[in-house]
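Each remark here refers to the structure printed beneath this line.
There are 2 protein chains.
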Amino acid sequence: MASQEKAAPLTAAGAAERLTSSSKGTGRRLRGAVAHYLGTAIVSGRIAPGERLTGEVANSEALDVSRSAYREAVQVLTAKGLVESRPKAGTRVLPRSRWNMLDPAVLAWAFSGEPDLDFVRDLFELRVVVEPNAARLAAARRDKADLKAMKEALAQMRRFTLATEAGRAADRDFHDALLQATHNSALVALSASIGAAVNWTTQFKQRARALPRDPLPDHVRVYDAIAAGDGDAASDAMRVLVELALEDTRSSM
Amino acid sequence: MASQEKAAPLTAAGAAERLTSSSKGTGRRLRGAVAHYLGTAIVSGRIAPGERLTGEVANSEALDVSRSAYREAVQVLTAKGLVESRPKAGTRVLPRSRWNMLDPAVLAWAFSGEPDLDFVRDLFELRVVVEPNAARLAAARRDKADLKAMKEALAQMRRFTLATEAGRAADRDFHDALLQATHNSALVALSASIGAAVNWTTQFKQRARALPRDPLPDHVRVYDAIAAGDGDAASDAMRVLVELALEDTRSSM
DNA sequence: GCGGCGCTATTTAGTCCGACATATTGGGAG
DNA sequence: CTCCCAATATGTCGGACTAAATAGCGCCGC
Numbered sequence: 046m047a048s049q050e051k052a053a054p055l056t057a058a059g060a061a062e063r064l065t066s067s068s069k070g071t072g073r074r075l076r077g078a079v080a081h082y083l084g085t086a087i088v089s090g091r092i093a094p095g096e097r098l099t100g101e102v103a104n105s106e107a108l109d110v111s112r113s114a115y116r117e118a119v120q121v122l123t124a125k126g127l128v129e130s131r132p133k134a135g136t137r138v139l140p141r142s143r144w145n146m147l148d149p150a151v152l153a154w155a156f157s158g159e160p161d162l163d164f165v166r167d168l169f170e171l172r173v174v175v176e177p178n179a180a181r182l183a184a185a186r187r188d189k190a191d192l193k194a195m196k197e198a199l200a201q202m203r204r205f206t207l208a209t210e211a212g213r214a215a216d217r218d219f220h221d222a223l224l225q226a227t228h229n230s231a232l233v234a235l236s237a238s239i240g241a242a243v244n245w246t247t248q249f250k251q252r253a254r255a256l257p258r259d260p261l262p263d264h265v266r267v268y269d270a271i272a273a274g275d276g277d278a279a280s281d282a283m284r285v286l287v288e289l290a291l292e293d294t295r296s297s298m
Numbered sequence: 046m047a048s049q050e051k052a053a054p055l056t057a058a059g060a061a062e063r064l065t066s067s068s069k070g071t072g073r074r075l076r077g078a079v080a081h082y083l084g085t086a087i088v089s090g091r092i093a094p095g096e097r098l099t100g101e102v103a104n105s106e107a108l109d110v111s112r113s114a115y116r117e118a119v120q121v122l123t124a125k126g127l128v129e130s131r132p133k134a135g136t137r138v139l140p141r142s143r144w145n146m147l148d149p150a151v152l153a154w155a156f157s158g159e160p161d162l163d164f165v166r167d168l169f170e171l172r173v174v175v176e177p178n179a180a181r182l183a184a185a186r187r188d189k190a191d192l193k194a195m196k197e198a199l200a201q202m203r204r205f206t207l208a209t210e211a212g213r214a215a216d217r218d219f220h221d222a223l224l225q226a227t228h229n230s231a232l233v234a235l236s237a238s239i240g241a242a243v244n245w246t247t248q249f250k251q252r253a254r255a256l257p258r259d260p261l262p263d264h265v266r267v268y269d270a271i272a273a274g275d276g277d278a279a280s281d282a283m284r285v286l287v288e289l290a291l292e293d294t295r296s297s298m
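If you're matching them up, the sequences are chains A and B in order.
The letter at position 134 of the first sequence is residue 179 when you use our numbering, and the numbering goes up by one with no holes.
The letter at position 208 of the second sequence is residue 253 when you use our numbering, and the numbering goes up by one with no holes.
Rendered as structure tokens:
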């Protein structure tokens, strides 16, 4: 990435433009843009852990936003464990171990630039751990509504492929519905993170080249096992699915 | 200042006192207290999902804090997925499925009142899914530093029992060191959540009655297996540990 | 007269500004 | 070496103004 330009304390010049350009779309607020800017700067490593970022007054002026908006953005980062600020000491970046990596926003920031291969591997490892067991639970607890949601997601995946955004959304919906079917709130919470991971990695697979393998049969196998209430089969099918997905992703990066 | 008392919504009366009492200790900032107050109110269900909470001006006056501080607190809640706010529409509580339940702060709020039995069960289910596999990974990847950290944590657990805060901290340190030993950043991120769960549930076990069973041997078994590099044994030992812990917790609630 | 449609009016969050309070740190006085 | 003071950066405050989204009103068409 462009690690060259570091001129002013955090790119005073192009800062405003960068913010506006990434926040223009109806929806994102100003502080959201600032949070995104700072968040990506930290997650990408442009501001290293332990480092102190510029004072509020100076930095908010540099970004051309009010101190209030800037502070609210920093609060968001604080809430996600990226930074910690104390009077006089300033605001400093916390060690990576304190970051809430599972937070959807943090994941989005992590994937907004060049994705860290090791981190992708870690995410898939988490999926390998969680999703097969989730499938097992889902096979035992799913109700009609759960099955319906999963079935519809599969239909959408079939209609649009993973090449389209709608298809990827359906993929996410499938995994989300599966996690929902466990009726476990902790796993459902993980769903947001895993869904994000699925989405970003799939996108990279697509970006790299046409998908060599059709992922649909794998999904169908998982669905059938869950519908049949066969926990072991569901777990196995899901493990195969995730491992194949990892393989595809790895070969395309 | 507050020379007049306002009959505001959201418990205007005891609000200020509650804030001060819970924020007095040197460290917690004012907005942190507000966030804690609102967070517990939401997580505990006092403000139901879909409900609109009082406007910023009114509510900040009721809590006797500036609008800035109040807003920064709301930003924290927004960052954790508890609420969403739009102009004119107001700030409304999001459905539970959108909450970042794994966020340490949210977990703390969830356990600050009466713990939801179902949620505790869900957390243990997550532990059963994650920790045995983590132990397996740790057995394969741990280095000397990891083993040292785990060993020290065990020593601390032996010195102080789980009846003391120091002992519980050691327990958390052990699980944390184990997750660290996987060298998987996603699992490390889960460590904070799992650690919180371990902590709170242990505390409840203690509160209920003297612990009938000594948890140390279980931990030692896990450590030995990891030190030996035996993944299967580590996984099995950890599963036993978590399941026994669940049993203890359940019987004491 | 009735129904739908667009415009304005209002409400509420979002942003901005400038001042003061508080806490921490680092250096200087005793 | 200790203690206190002052410099500094975050924290809190209050009020003003902007922007966005809803709801209600009035206009237009049927």
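Heads up, the beta-carbon is just placed ideally off N, CA and C, and yes, glycines get one too.
Spatial neighbours of residue 231(A) in its chain, beta-carbon cut-off 6 Å, leaving aside the 5 residues before and after: Shown here for residue 231(A): not one same chain residue has a beta carbon closer than 6 Å to its own, the five before and five after excluded.
8 Å Cβ cutoff met for residue 138(B) and residue 96(B): With respect to residue 96(B), residue 138(B) sits close: the two C-beta atoms are nearer than 8 Å.
Chain B within 8 Å of residue 244(A), Cβ atoms only: No, no contact with chain B.
Min CB distance residue 270(A) to chain B below 8 Å: Not a single CB atom of chain B sits nearer than 8 Å to the CB of residue 270(A).
Under 8 Å by beta carbon: chain B residues contacting residue 125(A): 124, listed in chain order.
Contacts around residue 183(B), its chain only, beta-carbon distance under 6 Å, and the 5 residues preceding and following it disregarded: 223, 226, 227, 271, listed in sequence order.
For residue 77(A) and residue 159(A), the rounded distance between their alpha carbons: Using only the alpha carbons, I get a separation of about 21 Å.
For residue 212(B), three-class secondary structure by DSSP: Note: residue 212(B) maps to helix in three-state DSSP.
Residue closest to residue 296(B), alpha-carbon to alpha-carbon, out of 267(B), 149(B), 275(B), 249(B): Residue 296(B) has its Cα closest to that of 249(B), out of 267(B), 149(B), 275(B), 249(B).
Alpha-carbon to alpha-carbon, residue 135(A) and residue 87(A): One alpha carbon belongs to residue 87(A), the other to residue 135(A), and they sit about 16 Å apart.
Minimum length 4: unbroken alpha helix (DSSP H) runs contained in the region 56–144 of chain A: Segments of the alpha helix (DSSP H) lying fully in the region 56–144 of chain A: 57–68, 75–88, 101–108, 112–124.
Short Cβ contact (8 Å threshold) for residue 300(A) with residue 123(A): Because chain A here runs from 46 to 298, residue 300(A) falls outside it and cannot be looked at.
Outcome for residue 167(A) when other beta-carbon atoms lying within 10 angstroms are tallied against a minimum of 16: Residue 167(A) is buried by the Cβ-count criterion.
Assigned secondary structure, residue 287(A) (DSSP; H/G/I helix, E/B strand, else coil): Helix, per DSSP.
Run of the alpha helix (DSSP H) containing residue 178(B), from where it starts to where it stops: From DSSP, the alpha helix (DSSP H) with residue 178(B) extends over 162–186.
Distance between residue 171(B) and residue 193(B) (C-alpha atoms, nearest Å): Using only the alpha carbons, I get a separation of about 26 Å.
The ligand SAM heavy atom lying under 7 Å from the CB of residue 113(B): The ligand content of the structure shown is nil, which means the ligand SAM is not present either.
Sequence-distant residues of its chain with Cβ nearer than 8 Å to residue 178(B) (five each side left out): Listed in chain order, the non-local C-beta contacts of residue 178(B) below 8 Å within the same chain comprise 280, local neighbours out to five positions each way being set aside.
Chain B within 8 Å of residue 129(A), Cβ atoms only: No, because no Cβ of chain B sits closer than 8 Å to the Cβ of residue 129(A).
Outcome for residue 240(B) when other beta-carbon atoms lying within 10 angstroms are tallied against a minimum of 16: The residue in question, residue 240(B), is buried, as its Cβ has 16 or more Cβ neighbours within 10 Å.
Boundaries (first-last residue) of the alpha helix (DSSP H) holding residue 157(B): Residue 157(B) -> alpha helix (DSSP H) spans 149–157.
Proximal residues of chain A, C-beta to C-beta of residue 146(B) below 7 Å: Simply 230, 231, 234.
Cross-chain neighbours of residue 116(B) in chain A, by beta carbon under 7 Å: Neighbourhood of residue 116(B) in chain A, by CB distance below 7 Å: 117, in chain order.
Cβ of residue 170(B) within 8 Å of any chain A Cβ: Against chain A, the CB of residue 170(B) has a partner CB under 8 Å away; the residue lies at that interface.
Minimum Cβ-Cβ distance from residue 307(A) to chain B less than 8 Å: Residue 307(A) cannot be examined here, being either before or after the span of chain A that is shown, 46 to 298.
When 133(A), 115(A), 187(A) are compared against residue 268(A), the one with the closest alpha-carbon: That would be 187(A), whose Cα lies nearest to the Cα of residue 268(A).
Contacting residues, own chain, Cβ-Cβ under 6 Å from residue 117(A) (five flanking each side not counted): Cβ neighbours of residue 117(A) beyond the five flanking positions: 76.
Reduced DSSP secondary structure (H/G/I, E/B, other) of residue 240(B): In this structure, residue 240(B) counts as helix in the three-state DSSP scheme.
Interface flag, residue 296(B) vs chain A, CB-CB below 8 Å: Judged by the 8 Å Cβ criterion, residue 296(B) is not in contact with chain A.
Euclidean distance between Cα positions of residue 197(B) and residue 216(B): Between the C-alpha atoms of residue 197(B) and residue 216(B) there is a straight-line separation of about 11 Å.
Contact with chain A by residue 285(B), beta-carbon distance below 8 Å: Chain A contact via Cβ: absent.
Min CB distance residue 218(A) to chain B below 8 Å: Under the Cβ distance rule, residue 218(A) does not count among the residues neighbouring chain B, no pair being separated by less than 8 Å.
Own chain partners of residue 202(A) with C-beta closer than 7 Å, once the 5 adjacent residues on each side are dropped: Excluding residues within five positions, the ones whose Cβ falls inside 7 Å are 212, 215, 216, 219, 261, 264.
Chain B contact for residue 73(A) (CB, 8 Å cutoff): By the rule that beta-carbons nearer than 8 Å mark a contact, residue 73(A) does not touch chain B.
Nearest-angstrom beta carbon gap, residue 127(A) and residue 144(A) [assumed within contact, 8 Å]: That pair is a contact at about 6 Å.
Listed by chain order, chain A residues near residue 142(B) by CB distance under 7 Å: Simply 233.
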